[in-house]
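The structure under discussion appears below in the form of structure tokens.
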Amino acid sequence: MRIALIALAAFALHAAPALAHPDHDDEEHEARTPQQTARDNVVRLISQAKLPASWSKATVAGTRERTSQGQRQTIVTFRNEAEPNAARKLFHVVLTAGGQFVLGDFRQP
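Mapped onto full-length UniProt numbering, the consecutive letters of the sequence shown carry residue numbers 1 to 109.
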């Protein structure tokens, strides 16, 4: 009987850390808009030298949604007036419905 109680106590103590913080998921996280997520990706591309630094001051020209291969995607378009090449004044960032970066391109996706 004594061994059974010790085993039961050891088992109960083993599960205690899992129950220590039951409310940690109740905090609400600030939802990010597709425009904010796309801006973060433009900044990342600038820091990787894939876009010129002038794109850090680009403004959001528009947002639209599309379905590609059965998946909903958001396209955020940025306009950079400082860009001398007219064909490269618009940059399109494609995000998944969950906000993951798919691609960034100067051509209309």
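Where a beta carbon is used, it is the ideal one built from N, C-alpha and C, also for glycine.
Just so it is clear, the structure is predicted and the values come from calculations on it, not from any experiment.
Chain-order list of residues whose beta-carbon lies under 7 Å from that of residue i (same chain, five-residue window excluded)
{"i": "Arg72", "result": "Glu65 and Ala97"}
{"i": "Val102", "result": "Gln73, Val94, Leu95 and Thr96"}
{"i": "Arg79", "result": "Ala58, Thr59, Ala61, Lys89 and Leu90"}
{"i": "Leu45", "result": "Leu51 and Gly104"}
Candidates the options, of which the one nearest residue i by Cα
{"i": "Thr74", "options": "Ala58, Gln108, Thr59 and Thr63", "result": "Thr63"}
{"i": "Arg107", "options": "Glu30, Glu83, Arg2 and Phe91", "result": "Phe91"}
{"i": "Gln100", "options": "Ile3, Ile6 and Val42", "result": "Val42"}
Residues sharing a beta bridge with residue i, DSSP
{"i": "Thr96", "result": "Gln73"}
{"i": "Ser54", "result": "Partner(s): none; Ser54 has no beta bridge."}
Contacts around residue i, its chain only, beta-carbon distance under 6 Å, and the 5 residues preceding and following it disregarded
{"i": "Glu81", "result": "none"}
{"i": "Val76", "result": "Pro34, Gln35, Ala38, Thr63 and Val93"}
Backbone CA spacing between residue i and residue j [nearest angstrom]
{"i": "Met1", "j": "Ala31", "result": "54 Å"}
{"i": "Lys50", "j": "Gln69", "result": "27 Å"}
{"i": "Pro109", "j": "Glu83", "result": "20 Å"}
{"i": "Ala87", "j": "Trp55", "result": "14 Å"}
Any chain B beta carbon closer than 9 Å to residue i
{"i": "Ala82", "result": "Looking for chain B here will not work: only one protein chain is present."}
Extent of the continuous alpha helix (DSSP H) run through residue i
{"i": "Arg44", "result": "Pro34 to Ser47"}
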